[in-house]
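Numbering (my numbering), first residue to last: 3 to 393.
Idealized CB from N, CA, C, for every residue including glycine.
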Amino acid sequence: MSSGQGPASTPQPPAPPSRGIPGTLDRAAANLLPAYFSLVMATGIVSLAAWIVGAEGTGRGGFAAVARGMVYLNAVFFAALWALTFLRLARHRARLLADVSDHNRGVGFFTAVPAACVLGTQTLVIGGRPGAAWALWSLGAGLWVLVTYSVFTALTVKVVKPALADGLSGGWLVSIVATQSVSVLAAQLAAGGTGGGAQGGGEALHDAMLFVALVMWLGGAMLYVWIISLIFYRYTFFPFKPSDLSPPYWINMGAMAISTLAGATLLLSGKNSPLIVELTPFIKGATLLFWATATWWIPMLIILGVWRHLVRKFPLRYDPLYWGAVFPLGMYAVATARMAEAMDLPFLHALPQVFLYAALGAWTLALVGLAHRLVRGNGTPPSVIAGPARV
């Protein structure tokens, strides 16, 4: 659909051709999709699912080895994406700034926040490195402030805007994932990752971090209500083509799954906090509500996926945005396991196992797709990094 006001943003021309490895990297940076940090999100949560669900936190067995290996792999992904981002900022700043105010690409910048926080959770839970986790949480929290108030301000004051059907997608819900990821890691750091007090800060820092986690959890929940209302309205009252059902629509479920994890982490980490103890009945009820909502979305998204690919024959091929569909599967596994632990619901323990295997399978397929595109393209072609204009 069109707003009748002209295009919302001017299409960006492809990067000028250049040769050799420096030229390949420059093209990759120029065309970098802001949402590509979802690769780190997906890898991190699958690693945590393997550790928490597969190895049951024991650090033994094949799943534990997989989880540890993915920590190092994710650190490489994280560093590489930041290197490309800084290169883009230095050499293609106009493109980067144009993305900030683009309704379809701008929200992709939010993926940098959970990328930092999920990697921080990996380093804390799997690697046992609280110092690195604190550094990554600080980075994630700072990025959350920067991205939230730059992207939403830019989209608000923009003169020419797209119609709702053209400018809104499931990718907008990454803003909730970003908010809740800050909450999750804050609560884990408050407990020292292993049940102790906040690292080196005593009771005051412990309570402050839990308060930050609580406030971010509540704010993220409210943000979900605002955005999902518009998405459901867009679902049911506007024409919906197979191409409109982009992979980030799985974040409809993933945003509620990470909200469930944030609530469960508050319950597990705040047993000695008077504020959390007083709010425990409310936190339990809201957490269960979030989990129920996430669970409701799963059959709906599967049905729509069948309609997209089997009924309407939309081609299934590698797309950078598929990392945004892998993340919710792993997150649902971890969130369900943590909620079952926090609320003593042992009958739910089989469910995370199912989603662990689904997440591992989806992550493997996406990685094979990425590798195939890289090999076929003899390097890092812009199409692999950039993806479609719509998130």
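Neighbourhood of residue i by C-beta distance below 8 Å, restricted to the same chain and skipping five residues each side
{"i": "F213", "result": "L277"}
Cβ pair residue i, residue j closer than 7 Å
{"i": "T289", "j": "T262", "result": "yes"}
{"i": "W293", "j": "M218", "result": "no"}
{"i": "A1", "j": "I305", "result": "Missing from the structure shown is residue 1; the chain here goes from 3 to 393 and no further."}
{"i": "L136", "j": "L187", "result": "A small fix is needed here, since residue 136 is Trp in this sequence, not Leu. No, the Cβ-Cβ distance between W136 and L187 is not below 7 Å."}
{"i": "F79", "j": "L41", "result": "yes"}
{"i": "V115", "j": "A180", "result": "yes"}
{"i": "F349", "j": "P244", "result": "no"}
{"i": "A296", "j": "S185", "result": "no"}
Rounded C-alpha distance that separates residue i from residue j
{"i": "R107", "j": "Q182", "result": "21 Å"}
{"i": "T113", "j": "Y237", "result": "23 Å"}
{"i": "G204", "j": "R131", "result": "18 Å"}
{"i": "L395", "j": "L376", "result": "Outside the displayed span of the chain (3 to 393) sits residue 395, for which this structure offers no information."}
{"i": "G371", "j": "V328", "result": "13 Å"}
{"i": "L369", "j": "L170", "result": "27 Å"}
{"i": "L126", "j": "A259", "result": "20 Å"}
{"i": "F240", "j": "G172", "result": "15 Å"}
{"i": "L91", "j": "L98", "result": "7 Å"}
{"i": "D246", "j": "G307", "result": "11 Å"}
{"i": "I253", "j": "L216", "result": "22 Å"}
{"i": "T26", "j": "L141", "result": "28 Å"}
{"i": "Y235", "j": "R314", "result": "22 Å"}
{"i": "V73", "j": "W84", "result": "17 Å"}
{"i": "V356", "j": "G56", "result": "10 Å"}
{"i": "G194", "j": "R310", "result": "45 Å"}
{"i": "K286", "j": "I229", "result": "23 Å"}
{"i": "L175", "j": "Y226", "result": "7 Å"}
{"i": "G198", "j": "L75", "result": "Bear in mind that the predicted position of G198 carries a pLDDT of just 41, short of 50, making it too unreliable to give a figure here."}
{"i": "T155", "j": "H105", "result": "12 Å"}
{"i": "G61", "j": "L318", "result": "36 Å"}
{"i": "L358", "j": "H374", "result": "24 Å"}
{"i": "A44", "j": "S231", "result": "25 Å"}
{"i": "M255", "j": "P301", "result": "10 Å"}
{"i": "T366", "j": "Q190", "result": "28 Å"}
{"i": "Y320", "j": "L353", "result": "28 Å"}
{"i": "V279", "j": "G133", "result": "28 Å"}
{"i": "G64", "j": "A192", "result": "30 Å"}
{"i": "L2", "j": "A361", "result": "Any property of residue 2 remains undetermined from this structure, which presents the chain solely from 3 to 393."}
{"i": "S275", "j": "A210", "result": "10 Å"}
{"i": "D346", "j": "D168", "result": "44 Å"}
{"i": "A24", "j": "R70", "result": "It should be pointed out that residue 24 corresponds to Pro in this sequence rather than to Ala. C-alpha separation (whole angstroms): 32 Å."}
{"i": "V159", "j": "H94", "result": "23 Å"}
{"i": "T150", "j": "W298", "result": "28 Å"}
{"i": "L291", "j": "Q124", "result": "27 Å"}
{"i": "M224", "j": "R378", "result": "44 Å"}
Proximal residues to residue i (C-beta, below 6 Å), its chain only, five neighbours per side dropped
{"i": "T196", "result": "Reliability fails at T196, whose pLDDT of 40 lies under 50, so the model's placement of it is uncertain and the value that follows must be treated cautiously. There are no such residues."}
{"i": "P249", "result": "L323, Y324, G326, A327"}
{"i": "L270", "result": "A344"}
{"i": "F284", "result": "none"}
{"i": "G363", "result": "none"}
{"i": "V68", "result": "A52"}
{"i": "A337", "result": "A259, T262, L263"}
Spatial neighbours of residue i in its chain, beta-carbon cut-off 7 Å, leaving aside the 5 residues before and after
{"i": "L86", "result": "A30, A31, L34"}
{"i": "F39", "result": "L83, T113, A114, A117"}
{"i": "S152", "result": "V102"}
{"i": "T282", "result": "L269"}
Cβ separation of residue i and residue j, assumed to be a contact under 8 Å, to the nearest whole Å
{"i": "I54", "j": "A339", "result": "6 Å"}
{"i": "G110", "j": "A52", "result": "That pair is no contact at about 26 Å."}
{"i": "A77", "j": "L121", "result": "7 Å"}
{"i": "Y251", "j": "L303", "result": "7 Å"}
Margin query: Quick test of the definition: if touching needs 3 or more C-beta pairs under 8 Å, does the segment 46 to 53 touch the segment 317 to 336?
Written below: yes
Notebook entry, point to check: At a cut of 8 Å, does the segment 220 to 231 reach the segment 134 to 145 through at least three beta carbon pairs?
Noted result: no
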